[in-house]
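**Student:** Dropping the structure in here first, questions after.
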Amino acid sequence: MRSDLSKVLFTREQIQQRVREMGNEIAIVYADLEPGLTIVPILSGSIIFLADLIRELPMRMKIALIQLSTYPGATTTAQEPRVVTELSADVRGRHVLIVDDILDTGRTLRSVQSMIRDRGAATVRTAVLLSKPGKAPPEVTVDFVGFEIDDLFVVGYGLDFDDHYRNLPHIGVLRPELTR
Ligand code: XMP
93 MRSDLSKVLF TREQIQQRVR EMGNEIAIVY ADLEPGLTIV PILSGSIIFL
143 ADLIRELPMR MKIALIQLST YPGATTTAQE PRVVTELSAD VRGRHVLIVD
193 DILDTGRTLR SVQSMIRDRG AATVRTAVLL SKPGKAPPEV TVDFVGFEID
243 DLFVVGYGLD FDDHYRNLPH IGVLRPELTR
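Following the working numbering, the numbering of the sequence shown begins with 93 at its first residue and continues without gaps.
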């Protein structure tokens with residue numbers, strides 16, 4: 093699989109270090125908040141990031157899953173996000189931290205952030221591991237960002253192409269000829 097990448101952007105060690113730092117940043121913000129924190133990971137791309145991030149967070153939390161589809165099948169062209177699996181728990185009155193793998197066009201986060209607000213969350217914040225600056229509309233804001241990257245299609249550490257490469261421990265750029 094490594095040979096399918098034209099470049100590794102972040103090694104396993106660099107990701108581990110940054111996720112630990114993000115955990116510390118997030119822990120400070122939520123240290124004294126009542127009634128409690130609900131993490132909303134957006135499946136499936138966030139699964140590895142989620143697993144590592146929440147083990148850096150010492151506070152009580154609940155997890156409510158939601159699944160969206162943006163890149164159906166073998167494509168790198170995003171389409172309007174579609175809810176595949178509904179939010180698995182009530183978030184009314186809860187402090188919600190949405191967790192996603194990457195902020196790209198912002199369509200996915202725009203739709204999830206507005207859904208969570210509509211359902212009466214006390215506060216809504218967002219953590220993403222990667223962000224492609226300048227692409228998302230201004231109303232889509234993120235509170236915690238791991239790394240900013242150029243506008244390239246990346247895979248690994250949960251990010252996929254046609255559901256492959258999620259298990260790569262590093263994050264890299266897929267060779268362009270493989271996405272054609
Ligand atoms: P939007 O464009 O809605 O994208 O901000 C968010 C979702 O799209 C997926 N995505 C990617 N997946 N490499 C991937 O493997 C990429 O470069 C990429 N850009 C966007 C991802 O699932 C994210 O949650």
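Built from N, CA and C at the ideal position, the CB exists for glycine as well.
Quick check: the region 236-251 against the region 199-211, are there 3 or more CB pairs under 8 Å?
**Tutor:** Counting Cβ pairs under 8 Å, fewer than three are found: no touch.
**Student:** Tell me whether T130 is buried or exposed, calling it buried when 16 or more other Cβ atoms sit within 10 Å of its Cβ.
**Tutor:** Buried, since its Cβ has 16 or more Cβ neighbours within 10 Å.
**Student:** Under 8 Å, do S136 and D192 count as touching if we go by C-beta distance?
**Tutor:** Taking 8 Å as the Cβ cut-off, S136 and D192 do not qualify as a contacting pair.
**Student:** Could you check whether the region 117-133 touches the region 97-108, counting it as contact only if at least three pairs of C-beta atoms, one from each stretch, sit closer than 8 Å?
**Tutor:** Too few Cβ pairs lie closer than 8 Å, so no.
**Student:** What first and last residue would you give for the alpha helix (DSSP H) that runs through A119?
**Tutor:** Where A119 is concerned, the enclosing alpha helix (DSSP H) stretches over R104 to Y122.
**Student:** Hey, how far is the Cα of Q249 from the Cα of E126?
**Tutor:** Here the sequence assigns Tyr to residue 249, which means Gln is not the residue at that position. Their Cα atoms are separated by approximately 32 Å.
**Student:** Closer than 7 Å: is that where the CB of I134 sits relative to any heavy atom of the ligand XMP?
**Tutor:** Yes, Cβ of I134 sits closer than 7 Å to a heavy atom of the ligand XMP.
**Student:** Sort M153, L145 and L195 by Cα distance to L91 and report the nearest one.
**Tutor:** For the chain, the structure presents residues 93 to 272; residue 91 sits outside this window and is missing.
**Student:** Taking K154 as the reference, give the member of F141, A214, A181 and E148 with the closest Cα.
**Tutor:** Nearest option by C-alpha distance: A181.
**Student:** Do the region 100-111 and the region 251-263 meet, that is, are 3 or more Cβ pairs less than 8 Å apart?
**Tutor:** The answer is yes - the region 251-263 touches the region 100-111, with three or more Cβ pairs under 8 Å.
**Student:** So what's M153 in DSSP terms, helix, strand or just coil?
**Tutor:** It is a strand residue.
**Student:** So what's A143 in DSSP terms, helix, strand or just coil?
**Tutor:** Residue state, collapsed to three classes: helix.
**Student:** Which residue spans inside the region 234-261 form an unbroken alpha helix (DSSP H) run of at least 4?
**Tutor:** Runs found: none.
**Student:** Could you check where the alpha helix (DSSP H) with T200 kicks off and where it finishes?
**Tutor:** Taken as a continuous stretch (DSSP letters only), the alpha helix (DSSP H) holding T200 covers R199 to D210.
**Student:** Using beta-carbon positions only, say whether R211 and R184 come within less than 8 Å of one another.
**Tutor:** In contact: R211 and R184 (Cβ atoms closer than 8 Å).
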